[in-house]
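Novice: Numbering (this note's numbering), first residue to last: 4 to 112.
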Amino acid sequence: MTGTELSSLVRHKFPSIIIVLDNGGYGTERYLHPGSFEFNEVQPWAYHKLPEVFGGGKGYLVKTEGEFDAALRSAWADTSGPSLIHVVLDRNDHSRSLERLTEKLSKHV
């Protein structure tokens, strides 16, 4: 996932939807290695501006469920090229599946 895939989507004007779930770091690592480790934190990016950087498509920044619903509806309706929805999550947001996985993996790491 280097971003060049987005460049290809822009070049070919493929109407696609990319959703970036941004919790500001390596969520899996946070649960594998509990504590305060800076290597798990990622410098914030404006992912929603990547379509602008690549010269096409539309980016959305969302922070609430309502904003997500509106962005998704707009992205579905726009067939002119790719849409990227940047969803800002709480740094501790995670699924129960991730919790179970890291509980098991942490015994071996």
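We put the beta carbon where it would ideally sit given N, CA and C, even for glycine. Everything numeric in this text was worked out from a predicted model, so none of it was measured.
1. Considering only the alpha carbon of each residue, which of Ser98, Asp25, Ser77 and Gly59 lies closest to Asn43?
2. Which residues in the same chain as Tyr34 place their Cβ atom closer than 6 angstroms to its Cβ, once the five residues preceding and following it in sequence are excluded?
3. Given a cut-off of 9 angstroms on the beta-carbon distance, is the pair Leu64 and Glu70 in contact?
4. Could you tell me which uninterrupted beta strand (DSSP E) segments, each at least 3 residues in length, are contained entirely in the segment 60-107, listed from first to last along the chain?
5. I need the boundaries of the alpha helix (DSSP H) containing Val23, first residue and last residue.
Specialist: Let me spell this out:
1. Asp25
2. Thr105
3. Yes, they are a contact pair.
4. 61-65 and 86-91
5. It is not in any alpha helix (DSSP H) - Val23 instead sits in the beta strand (DSSP E) that spans Ile20 to Asp25.
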